[in-house]
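Structure first, then comments.
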C-alpha cells in the first residue's frame, strides 16, 4: 500500500492527573582530621555543615507550589479548605484544613504583605480611583457575635491608562472611617456607588455611578410596564440608556483618547443631562414609592453624577470595581465565612494577588508561585518590589509561559 493522502479527523484532550512528590533534605557535616582550632586542651575540631535551603513556612511540608495551589483553589476557584483536604488525600498527602489555613495566613503575612503595601502606596499616588464593599462573616471577632456581618472593601485604580491596581481590605464594620484610613493621602477622583460613607474623605472628588442611577429607575418600573413610555420610571430609564449609548459609542470610537472623550462627553452627553435634570425636577411621585426613592436618590447626587465630565479619565460607572469584587462574592458562597480576623486579612491580601494577576493577563497559579519563590520582604525597596509586580517587563515578557 502507498500513502495517497491525509485528512484531519479530530483532536482529543487527554487529562493527566496531578501528582505529588516528597522532597527530603539532609544536612551533611564535614570535619577536617588535620585541622584544629586552639592550642593544647582547648583544641576543637573544624566542622563545616552543608547549607540547606530555607523552608517556606516553619518545618512543615509547605512548598511554593503546594501553597500556591491551595491559594489558587480557594481564591480563584472557590474551593473551601475542607474540600481541599479531601482532595490532597486523593493524592496521598494527609494535610488538614487547619494546616492549609495556617499556610495561607503565614505566607500572606510574610511574603505577600510587602507586595500589598507596595501596591497600596502606588494606588495613593494615582489621581483616579474606584471603590466598593460587600459583606463577609467572621466567626471569631473580639466582642462580636459570630453572626455579625463584617465587610470586605475593594479599592482599585480608575481608567487612567496606567497599570491596573486592585486591592481588597477587611474591616469589622462598614464605617466610612475605614475608607478614610485606607485612602489617607489620596487626592483625586473617586468613583463609587451612592454609599454616603465616602463623603467624609478629604481631598477627593466624588463621582457617582450611572449604572446605580439607572438601576433605581429600572426597579421603579411597574411590573409588565417596561415598554409603556408614559410611565415616568420608563422615561428615566430611557434617559439613562441614551447616556450609556453615547458613552459606549465614544469609547469605541476613541479608545484611550481621554481628551477626546472629555470633549465628546461635553458635546454629546451634557445636553442629555440638562434635559434629564429638567425632566427630573418636574416629577412629583407618590411619597415612599420606588419612583420617589429613585428621584430623591438621583437629585441628592446631581453634583457628583456630573463630575465625570471634568476629565476624560473619570469613569462613567463603577462597574470595574464591582466586577473586581464579584469573585469574592462568588467564592463566599462556597466557603461561607472566615474563621478569624487573621484569616479575613489573609483573604484580602491573597485575593489582591489573584485579581492583580488576572488583571494583567498572568496565569494566576504561576504568579502566586512566582511570589512565593522570590519571597518579597519589607526590607526591599519599591524598585525591587516593582520587579515582582505583574506589570513588570520581566513578567509581561514571560506571561505566555506562566
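Numbering (my numbering), first residue to last: 526 to 927.
For glycine and all other residues, C-beta sits at the position ideal for the given N, C-alpha and C.
Given a threshold of 16 other Cβ atoms within 10 Å of its Cβ, counted over all protein chains shown, does residue i qualify as buried or as exposed?
{"i": "residue 625", "result": "buried"}
{"i": "residue 538", "result": "exposed"}
{"i": "residue 534", "result": "exposed"}
{"i": "residue 730", "result": "buried"}
{"i": "residue 557", "result": "exposed"}
{"i": "residue 639", "result": "buried"}
{"i": "residue 872", "result": "buried"}
{"i": "residue 541", "result": "exposed"}
{"i": "residue 765", "result": "buried"}
{"i": "residue 819", "result": "buried"}
{"i": "residue 572", "result": "exposed"}
{"i": "residue 682", "result": "buried"}
{"i": "residue 794", "result": "buried"}
Can you give the Cα-Cα distance for residue i and residue j, rounded to whole angstroms?
{"i": "residue 544", "j": "residue 616", "result": "7 Å"}
{"i": "residue 505", "j": "residue 726", "result": "Residue 505 falls outside the range modelled here, since the chain spans only 526 to 927, and no answer is possible."}
{"i": "residue 772", "j": "residue 838", "result": "13 Å"}
{"i": "residue 798", "j": "residue 805", "result": "10 Å"}
{"i": "residue 894", "j": "residue 848", "result": "25 Å"}
{"i": "residue 701", "j": "residue 635", "result": "28 Å"}
{"i": "residue 882", "j": "residue 707", "result": "22 Å"}
{"i": "residue 695", "j": "residue 646", "result": "17 Å"}
{"i": "residue 740", "j": "residue 734", "result": "10 Å"}
{"i": "residue 800", "j": "residue 823", "result": "14 Å"}
{"i": "residue 526", "j": "residue 593", "result": "54 Å"}
{"i": "residue 780", "j": "residue 685", "result": "12 Å"}
{"i": "residue 807", "j": "residue 747", "result": "20 Å"}
{"i": "residue 738", "j": "residue 692", "result": "25 Å"}
{"i": "residue 840", "j": "residue 826", "result": "16 Å"}
{"i": "residue 855", "j": "residue 777", "result": "30 Å"}
{"i": "residue 669", "j": "residue 870", "result": "17 Å"}
{"i": "residue 770", "j": "residue 783", "result": "18 Å"}
{"i": "residue 673", "j": "residue 864", "result": "13 Å"}
{"i": "residue 655", "j": "residue 664", "result": "29 Å"}
{"i": "residue 905", "j": "residue 828", "result": "43 Å"}
{"i": "residue 742", "j": "residue 675", "result": "29 Å"}
{"i": "residue 724", "j": "residue 842", "result": "18 Å"}
Could you say which of the options lies nearest to residue i if we only look at CA atoms?
{"i": "residue 922", "options": "815, 888, 893, 779", "result": "888"}
{"i": "residue 714", "options": "828, 876, 886, 651", "result": "651"}
{"i": "residue 857", "options": "813, 868, 603, 916", "result": "603"}
{"i": "residue 577", "options": "550, 850, 908", "result": "550"}
{"i": "residue 914", "options": "819, 644, 891, 687", "result": "644"}
{"i": "residue 705", "options": "547, 719, 691, 678", "result": "678"}
{"i": "residue 580", "options": "723, 542, 606, 628", "result": "628"}
{"i": "residue 698", "options": "606, 621, 660, 611", "result": "660"}
{"i": "residue 585", "options": "560, 619, 596, 890", "result": "619"}
{"i": "residue 757", "options": "809, 749, 718, 770", "result": "809"}
{"i": "residue 574", "options": "560, 553, 891", "result": "553"}
{"i": "residue 583", "options": "631, 682, 724", "result": "631"}
{"i": "residue 775", "options": "675, 790, 719, 597", "result": "790"}
{"i": "residue 891", "options": "532, 595, 529", "result": "595"}
{"i": "residue 717", "options": "754, 768, 749, 653", "result": "653"}
{"i": "residue 836", "options": "610, 786, 830, 762", "result": "786"}
Among the residues of its own chain, which have a CB less than 8 Å from the CB of residue i, if the five just before and after it don't count?
{"i": "residue 642", "result": "903"}
{"i": "residue 885", "result": "688, 689, 915, 916, 920, 921, 924"}
{"i": "residue 832", "result": "714, 730, 731, 732, 733, 839"}
{"i": "residue 899", "result": "913"}
{"i": "residue 752", "result": "759"}
{"i": "residue 548", "result": "588"}
{"i": "residue 911", "result": "643, 917"}
Residues in its own chain within less than 7 Å of residue i by CB, not counting five upstream and five downstream?
{"i": "residue 844", "result": "736"}
{"i": "residue 815", "result": "744, 745"}
{"i": "residue 637", "result": "874, 875, 878, 896"}
{"i": "residue 850", "result": "657, 659, 679"}
{"i": "residue 606", "result": "599, 622, 625, 626"}
{"i": "residue 867", "result": "630"}
{"i": "residue 601", "result": "879, 889"}
Mind checking who residue i pairs with in its DSSP beta bridge?
{"i": "residue 680", "result": "656, 692"}
{"i": "residue 731", "result": "715"}
{"i": "residue 807", "result": "Bridge partners of residue 807: none, in fact."}
{"i": "residue 863", "result": "663"}
{"i": "residue 554", "result": "574"}
{"i": "residue 675", "result": "661"}
Output needed for residue i: all residues of its chain with C-beta closer than 6 Å, excluding positions within five of it in sequence on either side, in chain order.
{"i": "residue 649", "result": "710, 711"}
{"i": "residue 703", "result": "696"}
{"i": "residue 613", "result": "620"}
Using a Cβ-Cβ distance under 8 Å, would residue i count as near chain D?
{"i": "residue 866", "result": "Judged by its chain identifiers, the structure shown contains no chain D, having just a single protein chain."}
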